[in-house]
Ligand SMILES: N[C@@H](CCC(=O)N[C@@H](CS)C(=O)NCC(=O)O)C(=O)O
């Protein structure tokens, strides 16, 4: 394990799981400070001093205080290198492209589908159909890309795959039929089956529900 000054604030059953996954991929030692998004902890003044948005995750890494899960992952990949990190400026550009793409094109609809599924929020009756319709175009783009190479940047799993697959990870639980996107289905299985994600999910099993 690499000696690290990294502290991750969050709850393993939240978007913090994206950062825990990355830390495990990189073999980083880190301190985990539990901050729940569900019981007011993420809105407490001492946590707002770290992330004024009141969301988890956030990290402190040496002098750097940072929030936004997918940006944190891009930072950690760049800092620690290894196979997940972009090697060239072009790869870095594409990792940023795919990360911003998933946030803008797919994550919102995916999150809404999961909220409807869990009975969270007040969504109009046609919400599910609208979200499913919205997701078709980005899934077509993703499927087409994955028809040309096994991973988003080519032959190896990188931070781009981690960020995009984790953002799309709720999809199978929403009842969305992915069979029309076979490359996406197979790639999601591969990405979400990685041992480092399993390790991050072990943390979730022992975390309190609040
Ligand atoms: N775009 C942010 C979103 C963070 C976010 O919304 N986190 C949720 C938990 S998954 C949260 O903290 N909710 C509690 C709140 O907003 O009070 C990221 O990816 O880090």
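Residue numbers (the numbering used here): 10 to 219.
The beta-carbon is built from N, C-alpha and C at its ideal position, and this holds for glycine as well.
Length of the line joining the Cα atoms of residue i and residue j
| i | j | result |
| --- | --- | --- |
| residue 164 | residue 208 | 24 Å |
| residue 91 | residue 135 | 45 Å |
| residue 188 | residue 159 | 18 Å |
| residue 122 | residue 183 | 6 Å |
| residue 152 | residue 161 | 10 Å |
| residue 204 | residue 62 | 31 Å |
| residue 137 | residue 128 | 12 Å |
| residue 217 | residue 49 | 14 Å |
| residue 88 | residue 19 | 21 Å |
| residue 185 | residue 154 | 20 Å |
| residue 166 | residue 21 | 22 Å |
| residue 99 | residue 84 | 16 Å |
| residue 213 | residue 56 | 21 Å |
| residue 199 | residue 139 | 28 Å |
| residue 192 | residue 93 | 21 Å |
| residue 157 | residue 114 | 21 Å |
| residue 206 | residue 36 | 12 Å |
| residue 53 | residue 41 | 17 Å |
| residue 124 | residue 86 | 30 Å |
Burial state of residue i, where buried means 16 or more other Cβ atoms lie within 10 Å
| i | result |
| --- | --- |
| residue 131 | exposed |
| residue 172 | buried |
| residue 71 | exposed |
| residue 146 | exposed |
| residue 116 | buried |
| residue 58 | exposed |
| residue 95 | buried |
| residue 142 | exposed |
| residue 211 | exposed |
Start and end residues, beta strand (DSSP E) containing residue i
| i | result |
| --- | --- |
| residue 18 | 15-19 |
| residue 69 | 67-70 |
| residue 44 | First-last for residue 44: undefined, no H or E at that position. |
Segment limits, alpha helix (DSSP H) that includes residue i
| i | result |
| --- | --- |
| residue 151 | 136-157 |
| residue 111 | 98-111 |
| residue 79 | 78-89 |
| residue 125 | 117-126 |
| residue 28 | 25-35 |
| residue 56 | 54-57 |
Chain-order list of residues whose beta-carbon lies under 8 Å from that of residue i (same chain, five-residue window excluded)
| i | result |
| --- | --- |
| residue 64 | 24, 46, 51, 76 |
| residue 178 | 197, 201 |
| residue 174 | 196, 197, 200, 201 |
Contacts around residue i, its chain only, beta-carbon distance under 6 Å, and the 5 residues preceding and following it disregarded
| i | result |
| --- | --- |
| residue 81 | 28, 68, 75 |
| residue 176 | 111, 116 |
| residue 190 | 148, 152 |
| residue 78 | 24, 27, 28, 66 |
| residue 126 | 183 |
Neighbourhood of residue i by C-beta, 7 Å cutoff - its chain only, sequence neighbours within 5 removed
| i | result |
| --- | --- |
| residue 39 | 13, 15, 16, 17, 32 |
| residue 169 | 103, 104, 107, 108, 161, 162 |
| residue 101 | 95 |
| residue 180 | 119, 187 |
| residue 219 | 45, 47, 48 |
Residue i CB to nearest heavy atom of ligand 2 below 7 Å
| i | result |
| --- | --- |
| residue 46 | This structure does not include ligand 2; its bound ligands are ligand 1. |
Note to self: For a minimum of 4 consecutive residues, which ranges assigned as the alpha helix (DSSP H) are wholly contained in the region 170-204?
What the structure shows: The qualifying runs are 191-201.
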